[in-house]
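Chemist: Below is the structure I would like to discuss, written out as structure tokens.
In the numbering used here, the protein residues as written are 309 to 615.
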């Protein structure tokens, strides 16, 4: 039985200024996603699917295949501009990816079982992977349209170096009722968390549950994603930058009653690298976790599964 982790690693890193998914943050040159994969393997995941681009495929495989090939099944999917559902047109001069909904959809040929999704540039915490593995191995195999999302508190997911995008969630009894994407969240001079979009300023609660793109889906999600992508491209296929985010898709499916989503709340530490300056905070957080014996000094030396 496969427990699959889909790692979204095709981003351009425009705000970071480079390929943050390949940047060395650990003491032995480990990337941030390696710590997530390490935690996932410990939690029982046994197949890793990477979403990448062909232009850095060779470098990516050189970095990771030798570390992981004896620990899990490895597969790849490719988020290229023209890798789209059939009968869709787009602006050939566009360079920006189509968004996280598209990044997940491109893996439809290599995934047949329930699976989890994470960003390559986020650290999610070991307890989160354990909770998600339990969901995928149990509830997800019983209900094809029942999904899961690991939720984090908004105040723990901000960057000190610029705005971030977050899916703000409304929940009831640990069930997701609505998710609303906010794309320009910052902290103002008074310390309030605000979102500024289209000339409007909205104050957000620090305790709001947010999506950090740690989802648990069944294979049925690919059918819904293809339909939503087709509709999206009919209106935005000629746009230069408009993206289709996975929270948009999930919320539409929620409002139509097509799916349900269980919230797996997490107190696990989260951090990520949106901006280049975030790198040094992430390095320090990893160092402290290693000093606390949460991770070995050299992540893959003498690797073993937990009992």
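Backbone N, C-alpha and C fix where the C-beta goes; we use that ideal spot for every residue, glycine too.
State the DSSP-derived secondary structure class of residue 465, mapped to helix, strand or coil.
Modeler: Taking the chain shown and counting its residues from 1, one reaches residue 465 at position 157. Residue 465: coil per DSSP, three-state reduction.
Chemist: If contacts are defined as beta-carbon pairs under 8 Å, then residue 359 and residue 415 qualify, I think. What distance do you get, rounded to the angstrom?
Modeler: In the chain shown, residue 359 corresponds to position 51, counting from 1. In the chain shown, residue 415 corresponds to position 107, counting from 1. The pair is a contact, with the Cβ atoms about 6 Å apart (cut-off 8 Å).
Chemist: Taking 8 Å as the cut-off, decide whether the C-beta atoms of residue 517 and residue 503 are in contact.
Modeler: Within the chain shown, the letter at position 209 stands for residue 517. Within the chain shown, the letter at position 195 stands for residue 503. For residue 517 and residue 503, no; Cβs fall outside 8 Å.
Chemist: Tell me, which residues are paired with residue 568 by DSSP?
Modeler: Reading the chain shown from its first residue, position 260 is the one you call residue 568. Per DSSP, 454.
Chemist: Measuring straight from C-alpha to C-alpha, what distance separates residue 317 and residue 356?
Modeler: One-based indexing of the chain shown puts residue 317 at position 9. One-based indexing of the chain shown puts residue 356 at position 48. For residue 317 and residue 356, the distance between alpha carbons rounds to 12 Å.
Chemist: For residue 422, would you say it is in contact with chain D, using Cβ-to-Cβ distances shorter than 8 Å as the test?
Modeler: Checking the listed chains, one finds no chain D in this structure; it contains a single protein chain.
Chemist: Going straight from the alpha carbon of residue 330 to that of residue 393, what length do you get?
Modeler: Position 22 of the chain shown, counted from the start, is the residue given in the question as residue 330. Position 85 of the chain shown, counted from the start, is the residue given in the question as residue 393. Cα to Cα, residue 330 sits roughly 29 Å from residue 393.
Chemist: Check the DSSP bridge columns for residue 510 and list the partner residues they point to.
Modeler: Within the chain shown, numbered from 1, the residue matching residue 510 stands at position 202. Answer is 503.
Chemist: If you drop the 5 nearest sequence neighbours on each side, which residues of the same chain put their C-beta closer than 8 Å to that of residue 528?
Modeler: Start at 1 with the first residue of the chain shown, and residue 528 comes out as number 220. Answer for residue 528: 452, 453, listed in chain order.
Chemist: How close, in whole Å, do the beta carbons of residue 346 and residue 594 come, if the pair is a contact with beta carbons under 8 Å?
Modeler: If you number the chain shown from 1, residue 346 lands on position 38. If you number the chain shown from 1, residue 594 lands on position 286. Rounded, the Cβ-Cβ distance is 11 Å, inconsistent with contact.
Chemist: Would you check if the segment 388-408 and the segment 548-560 touch, i.e. whether three or more CB-CB distances between them fall below 8 Å?
Modeler: Verdict: yes, contact present.
Chemist: Which of the three DSSP states, helix, strand or coil, is assigned to residue 460?
Modeler: Within the chain shown, numbered from 1, the residue matching residue 460 stands at position 152. Residue state, collapsed to three classes: strand.
Chemist: Where does residue 353 sit, in a helix, a strand or coil, going by DSSP?
Modeler: Taking the first residue of the chain shown as 1, we reach residue 353 at position 45. Note: residue 353 maps to coil in three-state DSSP.
Chemist: Specify the secondary structure class of residue 492 as computed by DSSP and reduced to three states.
Modeler: For the purposes of this step, residue 492 is identified with residue 184 of the chain shown, where counting begins at 1. Residue state, collapsed to three classes: strand.
Chemist: Under a three-way DSSP split, which group does residue 599 fall into?
Modeler: The count along the chain shown starts at 1 and reaches residue 599 at position 291. Here residue 599 sits in helix by DSSP.
Chemist: Can you give, in chain order, each stretch of the beta strand (DSSP E) that sits fully within the segment 416-444 and has at least 3 residues?
Modeler: Whole beta strand (DSSP E) segments, 3+ residues: 423-427.
Chemist: Report the rounded CA-to-CA distance for residue 508 versus residue 591, giving the unit in angstroms.
Modeler: Taking the first residue of the chain shown as 1, we reach residue 508 at position 200. Taking the first residue of the chain shown as 1, we reach residue 591 at position 283. One C-alpha to the other measures close to 35 Å.
Chemist: Please classify residue 309: is it buried, with 16 or more other beta-carbons within 10 angstroms of its beta-carbon, or exposed?
Modeler: Taking the first residue of the chain shown as position 1, residue 309 is located at position 1. When all chains shown are included, residue 309 counts as exposed.
Chemist: Consult DSSP for residue 581 and reduce its assignment to one of helix, strand or coil.
Modeler: Here residue 581 is taken as the residue at index 273 of the chain shown, counted from 1. Note: residue 581 maps to coil in three-state DSSP.
Chemist: Just to confirm, are residue 570 and residue 443 a CB contact at a threshold of 8 Å?
Modeler: Numbered from its first residue, the chain shown carries residue 570 at position 262. Numbered from its first residue, the chain shown carries residue 443 at position 135. Yes, the pair counts as a contact, with Cβ atoms nearer than the cut-off.
Chemist: For residue 554, which option in 604, 544, 470, 536 has the closest C-alpha, if you only look at C-alpha atoms?
Modeler: Start at 1 with the first residue of the chain shown, and residue 554 comes out as number 246. Comparing Cα positions, the closest option is 536.
Chemist: Name the one or two DSSP bridge partners that residue 386 has.
Modeler: Residue 386 sits at position 78 when you count from the first residue of the chain shown. Looking at the DSSP assignment, residue 386 forms a beta bridge with 360.
Chemist: With residue 607 as the anchor, note down where its alpha helix (DSSP H) starts and where it stops.
Modeler: What you label residue 607 is simply residue 299 of the chain shown in a count that begins at 1. Residue 607 -> no alpha helix (DSSP H), and no H or E assigned at all.
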